[in-house]
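Structure first, then comments.
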Amino acid sequence: MLRDFLNSAPIAETVHVEGNVILQRMKLSTDDLLNIRERGELVTEQNKNKLYELEVNGLTIATGRVIKKRGEFYFKVIAMNREEQI
Numbered sequence: 016m017l018r019d020f021l022n023s024a025p026i027a028e029t030v031h032v033e034g035n036v037i038l039q040r041m042k043l044s045t046d047d048l049l050n051i052r053e054r055g056e057l058v059t060e061q062n063k064n065k066l067y068e069l070e071v072n073g074l075t076i077a078t079g080r081v082i083k084k085r086g087e088f089y090f091k092v093i094a095m096n097r098e099e100q101i
């Protein structure tokens, strides 16, 4: 429905911006970083119900979940950050 509107409405435009989905924020010491290199992997908590952050231009603009649909992964926005929080 949204895609049809964006393709047919004369006032609608599509804007592409670079963004990052932040899966987990953490602070690591130098020793932690060296251990990751030695092990070759970073082990983190995995929680399917956890909310993640969508960051655009260094600002967190939304929280949501990562979902899989037809073999592809998408970010589903649950809540947008209000302007005063940004």
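Taken in order, the sequence shown gives residues 16 to 101; the numbers are from this note's numbering.
Glycine is no exception: its CB is placed at the ideal position from the N, C-alpha and C atoms.
Only a predicted model underlies this, so the values are computations on that prediction, with no experimental measurement involved.
Which of the three DSSP states, helix, strand or coil, is assigned to Arg80?
strand
Need the endpoints of the beta strand (DSSP E) that Ile51 sits in, please.
Here Ile51 belongs to no beta strand (DSSP E); instead the alpha helix (DSSP H) covers 45-54.
Have a look at the DSSP bridge pairing and note the partners of Pro37.
The amino acid at residue 37 is misidentified as Pro; the sequence shows Ile. Its beta-bridge partners are Glu68.
Once the 5 residues before and after Val92 are set aside, which same chain residues still bring their CB inside 6 Å of it?
These residues qualify, in order along the chain: Ala77, Gly79.
Do Asn35 and Val81 have their C-beta atoms within less than 9 Å of each other?
no
Using DSSP with H/G/I as helix, E/B as strand and the rest coil, what is Leu57?
coil
Quick test of your reading: Leu69 and Phe90, contact by CB under 8 Å. State the CB separation rounded to the nearest angstrom.
So it is a contact: roughly 6 Å between Cβ atoms.
Taking the alpha carbon of Lys42 as the reference point, which residue from Leu21, Asp19, Leu57, Ala94 has its own alpha carbon closest?
Leu57
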